[in-house]
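For the sequence shown, position 162 (counting from the first letter as 1) is numbered 965 according to my numbering, and the numbering increases by one without interruption. No residue lacks a Cβ here, since even glycine has one placed at the ideal position from N, Cα and C. Values in this document were obtained by computation on a predicted structure and should not be read as measured data.
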Amino acid sequence: RGEGDRSSLLPKPLSAEDLQGRHRTVSSRAAENLFWLGRYTERAENSVRLARVALEALPEASAPVLQLLGQLISFHGLVGPRVPAPIKAPRVFERALVHGLRGGGWAATDGNTASSVAYNLRCLRQCAQSLRERLSPEHWQLIQEVDEHFEQHLEAVLAEGEGHAAAPDVLGVLARAATHLAAITGAQTDRMTRDDGWRLLSVGRQIERLDMLAHALALGFEHHLHEADDGFALLLGLFDSVITYRAQFQARREVLPLLHLLVLDTDNPRSLAWVARTMRDRLRKLARHDADWVQAVTAGLPNPEEWPLDELASTDDQGRHGALIAALQGCSAAARTLSDEISRRLFVHVVSADRRVWQ
């Protein structure tokens, strides 16, 4: 008998050298979906929080708070452009906000469906659907549940009719959605492999957070909300930092500690300094793909932790915080520019193989 064929189609065992520096392969399409999974998660959280803060504040809000809420809610598309401002017709505005959460009725007429809470939750679910193999069963179930439960519970509340005071019940629906979204955020933080795809998910979240919070704080100081009790509380609520502020500064209503917590405090995950630092760190981990590009885009990002607090708190002759507002507007612009740069540079699906797959 002759000697048997020694060839084999089985892969050889991995060596220590094979595993050293090994990276998980991420296709350009998957990377883009992960980036948008992060953005829609944060966008859904932001819209839920904004709606809750508004519905809680509207009944007894001061004029500056009503002006800010009207601008913010209209800007984020939670009500249509033809809805009267809350300072003119607060009850009409409240009803429009409640009914606009599902993205139906008048919201569709005004073309604002794409900004409703329900729409953001649907987009989150659709994005997650294309990433099922990267998500734990519990993570996927949470995303399904928050979409389904929000729609079902909101429909049940609105079915009560015009004579029913819907706002308190809607606040309960929003609170349950916020709890679900907090669990989804936890799953993304603790139960996903921290590869380049996950880093893009995190960058997507921070882009949305930086843009939304910087814009809200700039508007707040333009309307002098920090000078009123309810305005001061509203700013903390938008940053989800009410408990943190009270724990550190008790009942003080002062501009310096407010700006320190919301802008400069790198221990607060809602501060602009923490968000900008996290975004910069995540991008630098992607430098092995295109070091020159990463260096260029990170150089253009704001660095709030280095902003002088006394300059941020200073006012001009009219009592306006011009330096602070300009810096905050720069943060929002930088976040939007980074989003465009990432889409243009990283999510290219019809190019050479070395750009289609990251490994």
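Query	Result
From Pro1105, Ala1076, Lys815 and Ala834, pick the residue whose C-alpha is nearest to that of Cys930; which is it?	Ala834
Just confirm the distance between the C-beta atoms of Gly949 and Leu1004, as a whole number of angstroms; I'd bet it's less than 8 Å.	According to the sequence as given, residue 949 is Val; it is not Gly. The pair is not a contact, with the Cβ atoms about 17 Å apart (cut-off 8 Å).
Using the Cα positions of Ala1126 and Asn1071, report the straight-line distance between them to the nearest angstrom.	22 Å
Have a look at Val1097 and Gln955 and give me their C-alpha separation to the nearest angstrom.	44 Å
Gln874 and Leu1022: beta carbons closer than 8 Å?	yes
Just mark Leu1059 as buried or exposed, buried being the case when its beta carbon has 16 or more other beta carbons within 10 Å.	exposed
Would you report the Cα separation of Ala860 and Asp1033, rounded to the nearest angstrom?	8 Å
Count the other C-beta atoms from every protein chain shown that fall within 10 angstroms of the C-beta of Asp1068, then say buried if there are 16 or more, exposed otherwise.	buried
Assign Arg846 to one of two classes, buried (16 or more other C-beta atoms within 10 Å of its C-beta) or exposed (fewer than that).	buried
Whole alpha helix (DSSP H) runs in the segment 1059-1125 with 4 or more residues, listed along the chain?	1075-1088, 1094-1102 and 1112-1116
Between which two residues does the alpha helix (DSSP H) carrying Phe878 extend?	Ala866 to Phe878
Is the beta carbon of Arg1085 less than 8 Å from the beta carbon of Val976?	no
Is it true that the segment 1052-1066 meets the segment 1080-1094, where meeting means three or more beta-carbon pairs spaced less than 8 Å apart?	no
If you reduce the DSSP assignment to three classes, tell me which class Val976 lands in.	helix
How big is the Cα-Cα spacing for Trp1001 and Arg1087?	13 Å
I need the straight-line Cα distance from Phe1150 to Ser830, nearest angstrom please.	9 Å
At what residues does the alpha helix (DSSP H) containing Gln1053 begin and finish?	Unbroken run through Gln1053: none, as it is neither H nor E.
Tell me the DSSP secondary structure of Ala910 in three-state form.	Low confidence applies here, because Ala910 scores a pLDDT of 41, under 50, leaving its location unreliable and the question unanswered by this model.
Report yes if the C-beta distance between Ala969 and Glu963 is below 8 Å; otherwise report no.	yes
Note down, in chain order, each residue of its chain lying with its Cβ closer than 8 Å to the Cβ of Thr912, except the 5 sequence neighbours on either side.	Annotation note: pLDDT 40 at Thr912 (below 50); position unreliable, coordinate value reported separately. Here the set comprises Gly883.
Glu1108: which of Cys1134, His1124, His942 and Ala990 sits nearest, CA to CA?	Cys1134
Given a cut-off of 8 Å on the beta-carbon distance, is the pair Tyr1141 and Val1066 in contact?	A small fix is needed here, since residue 1141 is Leu in this sequence, not Tyr. No, they are not a contact pair.
Residue range of the alpha helix (DSSP H) that Thr828 falls in?	No alpha helix (DSSP H) holds Thr828; DSSP gives it neither H nor E.
Pull up the CB-CB distance for Val1100 and Gln1009, whole angstroms please, since I reckon it's below 8 Å.	Incorrect: roughly 13 Å between the Cβ atoms, too far for contact.
Tell me the residue span of the alpha helix (DSSP H) that contains Arg1002.	Asp999 to Glu1025
Between Leu957, Leu927, Glu1025 and Leu924, which lies nearest to His1124 when the distance is taken from Cα to Cα?	Glu1025
Spatial neighbours of Leu924 within its chain, please: C-beta separation below 7 Å, excluding the five flanking residues on both sides.	Ala847, Val949, Asp950 and Phe953
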